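12 is the number of the first residue of the sequence shown in the numbering used here; add one for each residue after it. Beta carbons are placed, not taken as given, at the ideal position from N, Cα and C, and that holds for glycine. Keep in mind it's a predicted model, so treat the numbers as computed, not measured. A short worksheet on the structure shown next.
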Amino acid sequence: MSAVSQQITDAVTQTNVKVVAESPAMAMSTIYQSMGQATAILFQNAVSAQQQQNTLAQAAT
Numbered sequence: 012m013s014a015v016s017q018q019i020t021d022a023v024t025q026t027n028v029k030v031v032a033e034s035p036a037m038a039m040s041t042i043y044q045s046m047g048q049a050t051a052i053l054f055q056n057a058v059s060a061q062q063q064q065n066t067l068a069q070a071a072t
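Next up, the structure:
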């Protein structure tokens, strides 16, 4: 008995199509999360640098 049930074939095909269809959205969401994290670190570093500059300015006067 080498015949595969048509329902099984259909279920596997639908699962594969679902995965392929969702992949671009998942990739974009990962990119957006990475961009958001990078932007947050950028601003955190900017604030830290500004605080250090203010400390140096206060110490110099």
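S16 (DSSP reduced to helix, strand or coil): Along the sequence shown, one-based indexing puts residue 16 at 5. In the structure shown, S16 sits in coil (DSSP, three-state: anything other than H, G, I, E or B).
* Where T66 falls: helix, strand or coil (DSSP) -> Within the sequence shown, the letter at position 55 stands for residue 66. Per DSSP, reduced to three states, the secondary structure at T66 is helical.
message: DSSP three-state label for T50, please.
response: Against the sequence shown, residue 50 aligns to sequence position 39. Here T50 sits in helix by DSSP.
By the three-class DSSP mapping on this structure, what secondary structure does T41 have? On the sequence shown, residue 41 is found 30 positions in, with the first residue counted as 1. Here T41 sits in helix by DSSP.
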